[in-house]
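Written out below as structure tokens is the structure these notes cover.
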Amino acid sequence: MSLNFHTLLILTILLLAHVVSFAKKDTPQQVDWKEIDANNPKVVESAKFVIDEENKGAHFKLVLQSVLKAQVQNLRDNDLKLRIFIEASGGKNNRST
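Last residue of the sequence shown: 97 (full-length UniProt numbering), numbering continuous.
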């Protein structure tokens, strides 16, 4: 499946933007990323949320195809960072003419 430039750009932005962290202002101790189930309902819900949020301001509409991979990083004080790798399609104009 070939992805167009806009889809790759959006996926990169989504990946960077959707690192969820509730860490304190001080720098947390870094630990390794651990693979988690990409089909976990909370992971899928988070991926859908990111797509919905991106579609609100975009000139085109993305559609979530699948969650390819998910990782979690445990930080101090039980804080977590979540990384989700998704496949999305889109490019249809989201504006009314």
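Note that beta-carbon positions come from the ideal geometry of N, C-alpha and C, so glycine has one too.
From a predicted model like this one, the values you see are computed outputs, not experimental measurements.
Check: Which same chain residues, not among the five before or five after Lys34, have their C-beta less than 7 Å away from its C-beta?
Finding: Take Lys34, set aside five residues on each side of it, and the residues of its chain with a beta-carbon closer than 7 Å to its own are Gln71, Val72, in chain order.
Check: Roughly how many angstroms separate the alpha carbons of Arg76 and Leu82, rounded to a whole number?
Finding: When rounded, the distance between both Cα atoms is 14 Å.
Check: Where do the N-terminal and C-terminal ends of the alpha helix (DSSP H) with Val43 fall, by residue?
Finding: 41-57 is the span of the alpha helix (DSSP H), which, as asked, contains Val43.
Notebook entry, point to check: Buried or exposed: Gly57, going by 16 or more other Cβ atoms within 10 Å of its Cβ?
Noted result: By the 10 Å Cβ count, Gly57 comes out exposed.
Item checked: Those residues which DSSP pairs with Gln65 across a bridge -> Answer is none; Gln65 lacks a bridge partner.
Note to self: Taking a contact to mean a Cβ-Cβ separation below 8 Å, would you say Ile36 touches Ala88 in this structure?
What the structure shows: Taking the C-beta atoms as reference points, Ala88 is found no nearer than 8 Å to Ile36.
Checklist line | Distance CB(Lys48)-CB(Asn55) smaller than 8 Å | finding: Cβ atoms of Lys48 and Asn55: not closer than 8 Å.
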